[in-house]
Amino acid sequence: MFGLFQKSAFGLDISDISLEMVEFQKKGGKIVLSAVGRMILTKGVIEDGKILNEEKLAAAIRDLCAKTQPQKISAKQVIASLPESKIFSHHFKIPSTIPESQLGEALKFEASNVIPASMDELVFDFKIIKKESASAKTAADKQEILYVASFKSIAESYARTLRLAGLEPLALDAEALSIARSLIKVYNKDEAVLIIDIGARETALSIFDQDGIRFSRDLAIAGDYFTKIIAEKLKLSWDQAEGMKTTCGLDLDCEDGRILLVLQQTLEKISQEIIKGIRYYENETGRKVAKGVLVGGSANLTGFAMYFQDNLGIPCEWGRPWIVSDQSPISSTLLLTNAIGLALRGVESDPAKAGINLLPVGGGK
5 MFGLFQKSAF GLDISDISLE MVEFQKKGGK IVLSAVGRMI LTKGVIEDGK
55 ILNEEKLAAA IRDLCAKTQP QKISAKQVIA SLPESKIFSH HFKIPSTIPE
105 SQLGEALKFE ASNVIPASMD ELVFDFKIIK KESASAKTAA DKQEILYVAS
155 FKSIAESYAR TLRLAGLEPL ALDAEALSIA RSLIKVYNKD EAVLIIDIGA
205 RETALSIFDQ DGIRFSRDLA IAGDYFTKII AEKLKLSWDQ AEGMKTTCGL
255 DLDCEDGRIL LVLQQTLEKI SQEIIKGIRY YENETGRKVA KGVLVGGSAN
305 LTGFAMYFQD NLGIPCEWGR PWIVSDQSPI SSTLLLTNAI GLALRGVESD
355 PAKAGINLLP VGGGK
């Protein structure tokens with residue numbers, strides 16, 4: 005403790021195109037915003053989640069730490085996330101007779117059958133979700149486990165870059181888990197939430213319920229692809245297409261509804277993948293997906309929430325982190341959702357152990 009504040013770690017969201025930082029501190033049991041900032045990255049620093057220039061990225065991180073508002077980032081400890089495109093997640097059911105000390109080896113064996121990568125190339129973590137007694141369906145007691153992995157080389161590169169920036173990484177989270185932490189404070193029993201994260205380069209779909217993440221899928225269709233299609237179909241420059249996309253969205257009264265007509269087929273592809281995910285989840289669990297939540301920099305377009313609501317048959321809304329009030333100084337929350345979730349982990353009593361942690365042991369140095 006120092007003063008009335010509990011020392012914390014800040015949250016850092018690193019994407020191909022930008023950095024977002026959020027720092028909370030605890031004061032008298034309340035979570036108080038102390039710093040927030042965003043920076044657009046130079047093209048070529050990161051591509052498809054892979055850091056191409058660690059020195060330039062580290063310099064950008066240092067620069068943003070000094071420019072956050074209403075004050076500079078005070079923490080030297082950081083919680084970051086790995087890009088969803090580099091994450092593998094799966095639920096396994098393992099005999100309860102296997103002790104926790106041996107679960108790691110058991111999970112390596114199980115994962116080798118479903119993950120298209122060598123186990124030696126991965127760093128992973130897991131969480132016991134629940135334990136099930138033997139039944140007519142299962143001959144023995146089982147424990148359901150969430151397994152999350154990423155490429156060791158990617159995790160080491162992120163950790164190394166954070167240290168180059170003069171920071172101490174406490175955890176590397178999975179982006180989808182962090183976003184859910186930001187958006188969902190309490191889960192309703194036997195109901196799930198669909199998160200549609202539309203970024204510049206990809207759309208990440210995930211379904212969460214009281215037992216954690218139950219489905220995830222990444223699509224190479226997102227904001228930049230929307231702009232590309234608009235430019236090609238309407239014979240516009242990239243900047244003109246981007247401007248029309250941002251101004252009109254799916255508004256039928258803007259430019260005679262041409263953006264909706266041009267993007268209709270593309271949006272249908274996303275909807276079809278979401279419907280497949282919902283059916284898979286509901287068939288596997290017997291639970292219902294109660295609503296959809298849109299986040300990401302490319303989700304905040306006119307008509308997107310209503311479009312998905314009409315096509316999916318469930319209520320859909322733009323995401324709003326539960327920590328953010330109407331009086332909060334945080335704006336553009338769709339862009340900051342992941343950073344907010346990471347920062348919320350940062351004020352836990354032990355952030356390193358407060359969730360899945362893909363920080364390599366002894367790696368990234």
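Every position in the sequence shown, counted from 1, becomes a number in my numbering once 4 is added.
No residue lacks a Cβ here, since even glycine has one placed at the ideal position from N, Cα and C.
So if DSSP puts residue 322 in a beta bridge, which residue, or which two residues, is it bridged to? DSSP lists 298 as the beta-bridge partner residues of residue 322.
Reduced DSSP secondary structure (H/G/I, E/B, other) of residue 223: Reduced to three states, the DSSP call for residue 223 is strand.
Inter-stretch contact at 8 Å, needing at least 3 Cβ pairs: the region 77-86 / the region 350-365: With the cut-off at 8 Å, the region 77-86 and the region 350-365 touch.
Tell me whether the beta-carbon of residue 296 lies closer than 7 Å to the beta-carbon of residue 200. Judged by their CB atoms, residue 296 and residue 200 are nearer to each other than the 7 Å cut-off.
Residue range of the unbroken alpha helix (DSSP H) whose run includes residue 248: For residue 248, the enclosing alpha helix (DSSP H) begins and ends at 242-252.
Using 10 angstroms around the beta-carbon of residue 249, count the other beta-carbons present and answer buried if the total reaches 16, otherwise exposed. Buried.
Other residues of its chain near residue 21: CB distance less than 7 Å, five sequence neighbours each side excluded: The answer, listed in chain order, is 44, 45, 204.
Are the region 191-199 and the region 280-292 in contact at 8 Å, needing three or more beta carbon pairs? They touch, by the three-pair rule.
Let me confirm a value: residue 226 is counted as buried when at least 16 other C-beta atoms fall within 10 Å, else exposed. Which label applies? With 16 or more other Cβ atoms within 10 Å, it is buried.
Cutting at 7 Å between CB atoms, please list the residues of its own chain near residue 71, excluding the five before and the five after it. Once the five neighbours on either side are set aside, the close Cβ partners of residue 71 are 41.
Pair every Cβ in the region 92-101 with every Cβ in the region 144-157, then say whether three or more of these pairs are closer than 8 Å. Contact holds: three or more Cβ-Cβ distances are below 8 Å.
Beta-carbon separation of residue 304 and residue 338 under 7 Å? Yes, they are a contact pair.
With distance defined between alpha-carbon atoms, name the residue in 181, 265, 260 nearest to residue 237. For the set 181, 265, 260, the Cα lying nearest the Cα of residue 237 is the one of 265.
Assigned exposure category for residue 243 - 16 Cβ within 10 Å defines buried: Residue burial is scored here from C-beta neighbours: residue 243 has fewer than 16 other C-beta atoms within 10 angstroms and is therefore classed as exposed.
Closer than 7 Å to chain D by CB, residue 206: Protein chain content of the structure displayed is limited to a single chain, and chain D is not contained in it.
Would you mind listing the beta strand (DSSP E) stretches within the region 98-136 that are 3+ residues and don't spill past its ends, in chain order? Runs of the beta strand (DSSP E) inside the region 98-136: 126-136.
Using the C-alpha atoms, what's the distance from residue 211 back to residue 113? In a straight line, the C-alpha of residue 113 is about 25 Å away from that of residue 211.
Kindly confirm or deny that the region 56-67 and the region 117-128 touch, where touching means at least three C-beta pairs closer than 8 Å. The region 56-67 and the region 117-128 do not touch, with fewer than 3 CB-CB distances between them shorter than 8 Å.
At a cut-off of 6 Å, is residue 338 close to the ligand SAH when judged by its beta-carbon and the heavy atoms of the ligand? The ligand SAH is not part of the structure shown, which contains no ligands of any sort.
With distances taken between CB atoms, is the gap from residue 208 to residue 228 smaller than 7 Å? Not a contact, by the Cβ cut-off of 7 Å.
Using 10 angstroms around the beta-carbon of residue 52, count the other beta-carbons present and answer buried if the total reaches 16, otherwise exposed. By the neighbour-count criterion, in which 16 or more other beta carbons inside 10 Å mark a residue as buried, residue 52 falls on the exposed side.
Residue 131 to residue 155 span [Cα, whole Å]: The straight-line gap from Cα to Cα measures roughly 19 Å.
Rounded to whole angstroms, how far is the Cβ of residue 99 from the Cβ of residue 145, which I believe are closer than 8 Å? Residue 99 to residue 145, Cβ: 7 Å. Contact.
Burial state of residue 342 (16 or more Cβ within 10 Å): It counts as buried.
For residue 301, I'd like the list of residues in its chain whose CB is within less than 7 Å of its CB, leaving aside the five on either flank, ordered along the chain. Same-chain partners within the cutoff: 203, 204, 227, 338, 339.
Let me know the secondary structure DSSP gives residue 76 once reduced to three states. Residue 76: coil per DSSP, three-state reduction.
Which two residues bound the contiguous beta strand (DSSP E) that contains residue 207? Where residue 207 is concerned, the enclosing beta strand (DSSP E) stretches over 207-213.
Please state whether the Cβ-Cβ distance between residue 27 and residue 358 is less than 7 Å. Contact flag unset, no.
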